[in-house]
Structure formats: C-alpha cells, structure tokens
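Some notes on the structure that comes next.
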Amino acid sequence: MSSVELPLARFLARCHSDFSKDDSGEVASYIPELALANPSDFGIAVTTVDGFVYEIGDSNVEFTIQSISKAFVFALALETVGPDRVETVVGVEPSGDAFNSIRLRSDNRPFNPMVNAGAIACTSLICENEGDGAFARLHDALSRFAGRRLDVDEATFQSERATGDRNRAIAYLLRNHGVLLGDVDEVLDVYFRQCALRVSARDLSVMAATLSHKGRNPLTGEQVVSSYAVARTLSVMTSSGMYDSAGRWVYRVGIPAKSGVGGGIVAALPSQLGLGTYSPRIDDQGNSVRGLRTCEALSTHYGLHMLNRVGDVRTCIAASYDVGSVSSRRNRRPREQAILEAHHAKCAIVELTGALSFANAEYISRRVRGLPPELAYLIVDLRRVPSVSEAALQLMADILDDLARAKVDVVFCGIPKGTPVEAALGEWLAGKAGVRSITLLDEAIEWAEDRIIQSAAGALDVEKPAALAEQQLLAGLDPTALTALSELMTPHDYRIGERMISAGEQATTLLFVVSGVVSVRLPGGLRLATLSAGMAVGEMALLETTRSADVWADTAVACLELSLDAFASFRNLHPRACEHIMGNLARLLAKRLIIANTKIEVLASY
C-alpha cells in the first residue's frame, strides 16, 4: 500500500491542476515590491494536527506574509498583555469597510484586529510591553508558529515604509484617540517588518495547524500560545478574516481564515488541519483567486464547514458493563465468585472512546446518573481517548463531586502516557478525593472486585490455604482416590518473582496451588489470568505436551506437584477418578469459554 497515493494528496493535486488555469485577478501593486511576484506561482499545503504535511505545486515558494500576520500578532497580544488590555484598544466586530479604512468605531477604537487599524493597535501593545525588543518578540513568535526561523524581506519592508502614508494616517488617528501610546514611526516600523516576513504555503499550513491544535505546533511539539488565545483568534478570523468577503466566506467555506494581499491564505479547522495556499493573483477584495477556489473546493468536497459537524455523542461510550458481565482475569474461589455474582451491580465499568467534548461529557453524566443505586465503584477507561477539552473536564469535575456525595469511589485507568490526555488529567486528578488512577483496566476491575469481596466477607480467600479436597480440578473425588493421588504429589515452594513454568517447554507436571498467588502471562508480559489457592497451574498438560504461557509466583507460593508419569499410574489404578478429573477440567474450560463469549458479546453490543 505504500506506493498508493493518499486520497487527500490526489484531491489537492486535482485542485492545483484545475485552478492553475484560472488567470483572473491581478497581482497587488500598491506596494511596489508586491508587483514583482510571479503571477503563475501556485502552491497548496495541508498540515494535520498529528504533523503530516501534504504539499503540491509551488508550496515552498516564499512571499511576504502581509495581513496574515495580523491573526498571529493578535494571538500574541492576548498572550502578552492579556485580554483585558487588548479589549480596551480594539473591538471584535466586522467593519463593513475596506481593510485599510481610516475610520474607527463610535468609541474611537478599531473595529477588529484583522483590519489595518486594529492590527496596528495590537502591534502597538506589543511595543508598549516589549520596548525595543518588540519586533524580536513578534519575529520569534511567528517563527515558532511556522516551526522554523522566518526571514524579513528587507526590500518589501523598505517599499512598505516608503509608501505607507495611509497606514501613517491610521496610526496618527489611533494616537489622537489614545489607542496608540508610543512613537508612531517606531510602531509602524515594527508593523511593516511583521508584514514583510517571508513565508511559504507550507509555512502557512503549519501555522494554521498550530492554531487548529490549540496553540501547539504539530511538527515541533512546542506550545506557542494558550488555547484561550487561539479560541479568541479563530473567532475573529471567522467573522473578519477575509476582508469584505468575510460573510460570504463563512457561508460557503466555514473555516476560520485570514488572507493577505501578497497572495496567501491561511485557514485553520480546529482539531483537524491547517491549510496554506499561495497565488499572487488577487480579487477586488484582496483575496487570492486560486486560494479561494481551493479552500471552497476542499470544504465542499469533504464537508469541512465548521457548522457542518456530524456525530452522535453516544458513540463516546465504547462499552458499559458491570463485573457480573465482564470480570477481571483474577480467577476466584467459589465463595468469592458467589459474592461477586450477588453484588455485581456495585461496580460499573465505562469504556470511553474518541475526543471528549462538553457534549460527550454531558451524555456520560446522564449515563452515570442512570447506574444502579447500590453502585460503590465506577471505573472509567480512557485508553481510547486522544484528548479532553477544558469544558469536558469541568463537567467531569461536577460528575465526580456528585459521585463523592453518593460515596462512590472512582477509578480512571488506561490514561495514555506522554499524551495531552495525561497532561490534562494528571494535575486535575491529583486534587480529587475518592479518585484514583490505575494503569490497566483489568487491574482496576480486580481492585474493585477485591473491595466488594472484602466489604462482604471481611477478607480475601487468597489469604487462606486450600486443602487438597478444595482444589477445583479435584472437586467431588472420593476420599480413597484423593488419598491415593496425594501420595503421588511432592510439595514445592516458589519465591516471589520466580518463574514456575516457561512457555515453549515440554509439559511434564501439573501444580496444585496450596497458598499464594500466581499469574499466567504471555511471553510479552500480557496477563492471561491470576490464580490462587485451590487452583491448578499448568493443567493443560493433561491435553497438550508443550507449555503455551509463562507462570510466575506473584507472592511466596506453596504447591503440590504431580508428574504426568505419576498421573498415568494413577489413571491405571483409578480410571473412574481420572474420568471425573477430566470432567472437571472440561467444566473449567467451558466456564472460561462462557466468560470469554460474554465479554465479546458485551463489547460487540456497542
């Protein structure tokens, strides 16, 4: 399959081929250096939030970022001086005017950060805060968004500086109304330089993907800005990012975006992808003609409009059951098993899947509320959850508070190590009373089972040795046969951590556990079962000649060992007793099969 072209790559190639033929629009010329762009250049790049980059055409041709910088500087301003200060100098409403309009709101503030007046105001805030280091801060931040060091196009900077009288008029108007507090020329020099940063379509796709990924660059893994700043930036991009065609853009494309007169478009679809396009032919509103067509085609073909979301919140629960349906891999003695069967509703397990949002968490809260009133333990499995939103965490905190009041202990398990989920839940869980984290789901179920048994019986049977008559494989044997068999057995002790049986070796004995706990594991370490006093180990030796798993002593273990040769002698003398033992084995295997089928049925029903 490695030689097969990916579907999205094919689609982007088709867009590039089709839209390259569109020669409408003109290269911007009001800044002389922009007029030098090659009108045939056309590049497309898409970066996913997991860091995969699709590229087609002139995706690495560099051009000046121009007004696209406004979105990222707005995010930086929110991060640097805080939203309260930013909101005192710039609004967030669409203007209805051209991007370079010399007009302010009735309260003498710029309409939004995506028009020149608002962008200059945001740059002035950075200058206020950083002084002489303002451009260095901007330069560093935009470079981190792109994942590489961006260069300044000095010729374009000088060209904009020499012809930027309209922006000077805007800046002096802002200063007149107390919006811009610093030196106009110094602020504009920083503003013209930020607009003259050189980027490619690929850079823009990475910058957009960083916004889509809640401010974390998917290539470098660096958290560039906070998710708060990203959410506010995407909001303004949605309403005001595409100049005078912002309304039409939201209606037809529906992806937060920002364009620049240099021919670039950046579009960020939250939690999914970042898109960057470059084609210097722009329309009357200052947007790249080919870029617009590419964005609309991508959104329409794949249904990417941000309000065209599909999905059923109920799919966030992969499975829900109690310990009566699916138990742990800990094999229980009859008394303990009877307790669990009688009190199975005391422990519920909910396996979650997919990104957890507010809507998912709200649905989970209703499902939890519908659990039996005798519930004492709730296990929440997160191994299939890639991310958890802040809204979901808040709602889950409310759920935990309700469960704590109901005296229900909660266990989170399967939290993926080194992931955003672990980062989001680690500190959050630390301060929650009555909540614990256990690595594996099976271990969490076993923990809850132990608590149920202890609350009903006071102690676990694992602490009690088992007489030979209590061995499951020997249940129902007459005393004469039992005595004869015991005379063929040899006591054997194992230290904690000692391997008792090795996978692949010839089976020559079977072991009856008198005391202690053993685990049966695959060579890779996966636990198949945990056994304790009263259970046989290696009993498949009665049917197979080669061991299929390792057996380890989890505690100090005392066993009675019976060689297969000795058992053959016993069979000759006591054939009916041997038939009874094989019948017990068949019943044990049938029970295991029933349990396995029940697990499959429960999991398959979701």
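Numbering (the numbering used here), first residue to last: 56 to 661.
Just so it is clear, CB atoms sit at the ideal spot from N, CA and C, and this is done for glycine as well.
Asked: Terminal residues of the beta strand (DSSP E) in which GLY98 lies; Found: 98-103
Asked: Beta-bridge partners of ARG192, as assigned by DSSP; Found: Paired residue(s): none; ARG192 is not in a bridge.
Asked: VAL242 and ALA130 closer than 8 Å at C-beta; Found: no
Asked: Check whether ARG43 and ILE157 have beta carbons under 8 Å apart; Found: The question about residue 43 has no answer, for the chain in this structure spans 56 to 661.
Asked: DSSP bridge partner residues for GLY319 (one or two, in chain order); Found: TYR333
Asked: Nearest-angstrom Cα separation, counted from SER574 out to ALA651; Found: 18 Å
Asked: Cutoff 6 Å; reference ALA224; Cβ partners in own chain excluding five residues on either side; Found: ILE157
Asked: Counterpart residues of LEU110 in DSSP-defined beta bridges; Found: It is worth fixing the name first, because residue 110 is Glu in this sequence and not Leu. Its beta-bridge partners are ALA100.
Asked: Validate contact between the segment 526-535 and the segment 435-454 using beta carbons, cut 8 Å, 3 pairs; Found: no
Asked: 7 Å CB neighbourhood of TYR227 in its chain, flanking five on each side removed; Found: VAL239
Asked: Residues near LYS462 in its chain [Cβ-Cβ closer than 6 Å; skip 5 each side]; Found: none
Asked: TYR432 vs ALA503 beta-carbon contact at 8 Å; Found: yes
Asked: Alpha-carbon to alpha-carbon, ALA485 and ALA623; Found: 57 Å
Asked: Closest by C-alpha distance to LEU61, when choosing among GLU110, ASN415, VAL378; Found: GLU110
Asked: Backbone secondary structure at TYR376 - three-state DSSP; Found: strand
Asked: Closest Cα partner of SER494 within the set ALA522, GLN121, ILE434, GLN449; Found: At residue 494 the sequence reads Thr, which differs from the Ser that was named. Here the closest residue by C-alpha is ILE434.
Asked: Nearest-angstrom beta carbon gap, PRO138 and SER294 [assumed within contact, 8 Å]; Found: About 17 Å separates the two Cβ atoms, so there is no contact after all.
Asked: Which of helix, strand or coil DSSP assigns to PHE467; Found: strand
Asked: Inter-stretch contact at 8 Å, needing at least 3 Cβ pairs: the segment 399-409 / the segment 373-390; Found: yes
Asked: Every unbroken alpha helix (DSSP H) inside the segment 601-658 [4 residues or more]; Found: 619-628
Asked: Segment contact flag, the segment 323-331 with the segment 69-83, C-beta cutoff 8 Å, min 3 pairs; Found: no
Asked: Three-state secondary structure (DSSP) of PRO325; Found: coil
Asked: Unbroken beta strand (DSSP E) run spanning ALA403, endpoints; Found: 402-408
Asked: Sequence ranges, beta strand (DSSP E) only - wholly within the segment 425-475, length at least 3; Found: 432-439, 464-468
Asked: Presumed contact (8 Å Cβ cut-off) between LEU448 and ALA479, rounded CB distance; Found: 6 Å
Asked: Start and end residues, alpha helix (DSSP H) containing VAL305; Found: 301-307
Asked: Which residues DSSP lists as bridging LYS313, in chain order; Found: VAL321
Asked: Burial state of MET56, where buried means 16 or more other Cβ atoms lie within 10 Å; Found: Reliability fails at MET56, whose pLDDT of 34 lies under 50, so the model's placement of it is uncertain and the value that follows must be treated cautiously. Per the 10 Å Cβ criterion, exposed.
Asked: Same chain only: Cβ atoms within 8 Å of LEU529, ignoring 5 sequence neighbours per side; Found: LEU523, LEU537, LEU540, PHE567, ILE636, ASN639
Asked: Close-in-space but distant-in-sequence residues of the same chain around THR545 (CB under 6 Å, 5 per side omitted); Found: GLU616
Asked: Spatial distance of GLU134 from GLU391 (CA atoms); Found: 57 Å
Asked: Same chain, Cβ closer than 6 Å to ILE649, neighbours up to 5 away in sequence not counted; Found: none
Asked: Euclidean distance between Cα positions of HIS232 and LYS269; Found: 34 Å
Asked: Simplified DSSP assignment, three categories, for GLN278; Found: strand
Asked: Cβ-Cβ separation, ALA176 to VAL144 (assumed contact under 8 Å), whole Å; Found: 5 Å
Asked: Own chain residues within Cβ distance below 6 Å of HIS547, not counting five before or after; Found: CYS614, GLU616
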